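Q: Pasting a structure below so you can have a look.
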Amino acid sequence: MPFRSDFLWGGATAANQYEGGVFEGGAGLSTADVMTNGSHTVRRQVTWKKEDGTCGSTPLCFGSPERHLPEGAVPCLIDDEKYYYPSHIASDFYHHWKEDIRLCAEEGFNCLRFSVKWSRLFPDGEEETANEEGVRFYREIFKECRKYGIEPVVTLLHYENPLAFAQKYNGWADRRLVNAYVRYAETCFREFRGLVKYYLTFNEINCIEHAPFVTAALIHGDEQNCASAVFHQFLASSLTVKKAHESYPELKIGMMLAYGPVYAYTADPADQLLVQQAMNQTLFYSDVQMLGRYPDYKLKEYERAGITIPAKDGDFELLRDYPCDFLSFSCYGSHVMTCHEENTEQGEGNGGAQAHMVRNPYLKTNAWGWATDPQCLRITLNTLYDRYHCELFCVENGIGWNDVLEENTVHDDYRIDYMRANIASMKDAVELDGIPLMGYLYWGCVDMVSNGEGEMAKRYGQIYVDADNYGKGSFQRLLKDSYFWYRKCIQSNGEDLD
Ligand code: BG6
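The sequence shown: position 121 = 109 (this note's numbering), numbered continuously.
Below you can see the structure in the form of structure tokens.
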């Protein structure tokens, strides 16, 4: 059997896209709660106000080159019907958690990934003690998972920070967030002890380059602020690992990287160099979090750009001594890059459209331009294992589609085809290449609001949620064809992919 007997099979979610209940249970607002909805062609906006009462919105989101709010603008909610904030209701997991966990258990899951909304535990981010109602909410969820033999995996920070950090400090550019985060992480360790064993410190930590407001609450996300912010996140991650190793030795703390192999479009060596440099832009983050040091190529890049790392005595030793215990990653497909962009089409994918990225003529794409690559998981697993020689965990893989509901179900053959190809490729990596893989979590197992576009129409789930882009609908859960396919796959521990 290629997959180990305790292989973790299941799905992945994130609070800001799934949970809703933003004004319930004493929660505070997060940065995601001031982001409006969008679409493939309309960018999500962050709404803001100035002291003089002026208000407006700026696209500080994935796919946008914008990096700053206007001078003096503070991100906040604006009560105007032209703005819709999808995180406020999302998939209403807040009121459907028992049902969703049961459905996932019946699908055969032995693992489910959630994120904790930091501002549900600490509404302002920095209170001395946690909001007991928020703690109780998550504790009940994890208990419910355990009841069904489901291992919860918790992302401590998934694309939302307490809004107060963006309002007061320009987010993670400020070192005060490090201690606030460690207190929050330790609260989770203590309160969920015996229920949660696996934590991920920062979702897709490398995406700060694409969306600094989303990952790090930066309202001024220039290169220096991004470098400072991610340094502070690295420190927070290492301190969290230290705390876990010293006081909660049963825990395993993972890093989380957004990864997709990058291919060169031509055999021109200039294209190979472009690809290598693009891969380094991604792997820099895992080099720090898994190898414990800043790689020379990044230090040289910072030196050329005049960027400084705001390190204090002992910081680099901390990064060296407390790398993460395992590497988890998201992988949706691959990308193609070239210096020869004439006669090519712009390529897209996780992280948005980027410079020199072109469409792969060999692969099909979905309506959002994301390519389905049947080999990407095998290539990804080999690349990451060759470099880090550590345990790997695929915590996101999936396909977004404009599903059509027919007689209370969705015939999503395209999703089954995607999963079949991706799981087969992962299986080859384990069986033929010997990669130590902990598990596979399908992204967005229950339909939820997309991160890039903030729309419900881009659905990933095997479980349909009856809600539209504006939070209207019955929120009834319905099972798609892929639900039954995945169940069969899991029951056979990945052997039956027919
Ligand atoms: C990953 C994120 O980048 O991709 C998720 O961790 C996100 O939050 C997923 O939802 C799919 O992206 P999107 O934009 O289609 O929702």
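Each residue gets a CB set at the ideal place from its N, CA and C atoms; glycine is no exception. Because the structure is a prediction, the values reported are computed rather than measured.
The beta strand (DSSP E) spanning arginine 465 covers which residue range?
A: 465 to 467 is the span of the beta strand (DSSP E), which, as asked, contains arginine 465.
Q: Pull up the distance between the alpha-carbon of threonine 203 and that of alanine 355, whole angstroms please.
A: Taking the straight line from one Cα to the other gives about 25 Å.
Q: For chain B, find out if any of its Cβ atoms is closer than 8 Å to the Cβ of phenylalanine 153; answer yes or no.
A: The structure shown contains no chain B; it is built from a single protein chain.
Q: Measuring CA to CA, which of Asp401, Leu425, Ala412 and Asp391 is closest to cysteine 382?
A: That would be Leu425, whose Cα lies nearest to the Cα of cysteine 382.
Q: Let me know the beta strand (DSSP E) ranges lying completely inside the region 239 to 318, each 3 residues or longer, listed in chain order.
A: Runs found: 240 to 246, 250 to 252 and 314 to 318.
Q: Helix, strand or coil: how does DSSP classify tryptophan 389 here?
A: In the structure shown, tryptophan 389 sits in a strand (DSSP, three-state: E or B).
Q: Can you give the Cα-Cα distance for histidine 344 and cysteine 327, rounded to whole angstroms?
A: Between histidine 344 and cysteine 327, the C-alpha separation is close to 6 Å.
Q: Leaving out five residues before and five after threonine 353 in sequence, what residues of the same chain have Cβ atoms less than 6 Å from its Cβ?
A: Contacts found: Ala359.
Q: From tyrosine 136 to cysteine 364, what does the alpha carbon distance come to, in whole angstroms?
A: Answer to the nearest angstrom: the Cα atoms are 32 Å apart.
Q: Can you tell me which of the three DSSP states tryptophan 36 falls into?
A: Three-state DSSP puts tryptophan 36 in a strand.
Q: For valine 123, name the three-state secondary structure that DSSP assigns.
A: Valine 123 falls in the helix class under three-state DSSP.
Q: Taking only the alpha-carbon atoms, compute the straight-line gap between methionine 267 and methionine 325 and give it to the nearest angstrom.
A: C-alpha separation (whole angstroms): 11 Å.
Q: Throw me the rounded Cβ distance for the aspartate 469 and aspartate 416 pair, which I believe falls under 8 Å.
A: Wrong, their Cβ atoms sit about 25 Å apart, outside the cutoff.
Q: Distance, Cα to Cα, glutamate 305 vs serine 318?
A: About 28 Å.
Q: Taking all protein chains shown into account, do 16 or more other C-beta atoms lie within 10 angstroms of the C-beta of lysine 86, making it buried, or fewer, making it exposed?
A: Per the 10 Å Cβ criterion, exposed.
Q: Can you give me the C-alpha to C-alpha distance between alanine 215 and glutamate 94, rounded to a whole angstrom?
A: Using only the alpha carbons, I get a separation of about 44 Å.
Q: For asparagine 370, which residues in the same chain have their Cβ closer than 8 Å to its Cβ, ignoring the five residues on either side in sequence?
A: The residues are Ala417, Asp421 and Ile423.
Q: Cβ of glutamate 496 within 7 Å of any heavy atom in the ligand BG6?
A: Nothing can be reported for residue 496: it is not among the residues displayed for the chain, which extend from -11 to 486.
Q: In terms of residues, what are the limits of the beta strand (DSSP E) holding tyrosine 186?
A: Residues 186 to 188.
Q: Closer than 6 Å by C-beta to glycine 113: which residues in its own chain qualify, once you throw out the five before and the five after it? Chain order, please.
A: So the qualifying residues of the chain are Pro150, Ala152, Phe153 and Ala168.
Q: Can you give me the C-alpha to C-alpha distance between threonine 46 and leucine 57, rounded to a whole angstrom?
A: Rounded to whole angstroms, threonine 46 to leucine 57 spans 6 Å at the Cα level.
Q: Please say whether alanine 224 and valine 184 have beta carbons closer to each other than 8 Å?
A: No, the pair does not count as a contact, with Cβ atoms beyond the cut-off.
Q: Does the count of Cβ pairs from the region 101 to 115 and the region 129 to 147 closer than 8 Å reach three?
A: Output reads yes: the region 129 to 147 touches the region 101 to 115.
Q: Is valine 22 near leucine 65, with beta carbons less than 8 Å apart?
A: Yes, Cβ-Cβ distance for valine 22 and leucine 65 is below 8 Å.
Q: When the Cα atoms are used, what is the spatial distance from tyrosine 402 to glutamate 120?
A: Rounded to whole angstroms, tyrosine 402 to glutamate 120 spans 43 Å at the Cα level.
Q: What's the gap between the Cα of tryptophan 473 and the Cα of glycine -1?
A: If you take the alpha carbons of tryptophan 473 and glycine -1, they lie about 14 Å apart.
Q: Tell me the residue span of the beta strand (DSSP E) that contains leucine 372.
A: Premise fails: leucine 372 lies in the alpha helix (DSSP H), 364 to 376, not in any beta strand (DSSP E).
Q: Taking the alpha carbon of leucine 91 as the point to measure from, which residue in Ile138, Val123 and Ile77 has its own alpha carbon closest?
A: Comparing Cα-Cα distances from leucine 91 to each of Ile138, Val123 and Ile77, the minimum goes to Ile138.
Q: Is it buried or exposed for lysine 70, if we count other Cβ within 10 angstroms and need 16 for buried?
A: Exposed, because fewer than 16 other Cβ atoms sit within 10 Å of the Cβ of lysine 70.
Q: By the three-class DSSP mapping on this structure, what secondary structure does leucine 165 have?
A: Leucine 165 falls in the helix class under three-state DSSP.
Q: Under 7 Å from any heavy atom of the ligand BG6, does the C-beta of asparagine 439 make it?
A: At least one heavy atom of the ligand BG6 is nearer than 7 Å to the Cβ of asparagine 439, so yes.
Q: Please determine whether the Cβ atom of glutamine 5 lies at a distance below 7 Å from any heavy atom of the ligand BG6.
A: It does: the Cβ of glutamine 5 is within 7 Å (strictly closer) of some heavy atom of the ligand BG6.
Q: Tell me which same chain residues have a C-beta within less than 8 Å of the C-beta of asparagine 390, skipping the five on either side of it?
A: Counting only Cβ-Cβ distances below 8 Å, and skipping sequence neighbours, we find Ala355, Ala445, Lys446 and Arg447.
Q: Any idea what DSSP makes of tyrosine 503, helix, strand or coil?
A: Only positions -11 to 486 of the chain appear in the structure, and residue 503 is not among them; the question remains open.
Q: Can you check the region 83 to 147 for any beta strand (DSSP E) of at least 3 residues that lies completely inside it and give the ranges in chain order?
A: The region 83 to 147 contains these whole beta strand (DSSP E) runs: 99 to 103 and 139 to 143.
Q: Glycine 13 and lysine 38 look like a contact to me (Cβ under 8 Å); what is the Cβ gap, rounded to whole Å?
A: Not a contact, Cβ separation roughly 31 Å.
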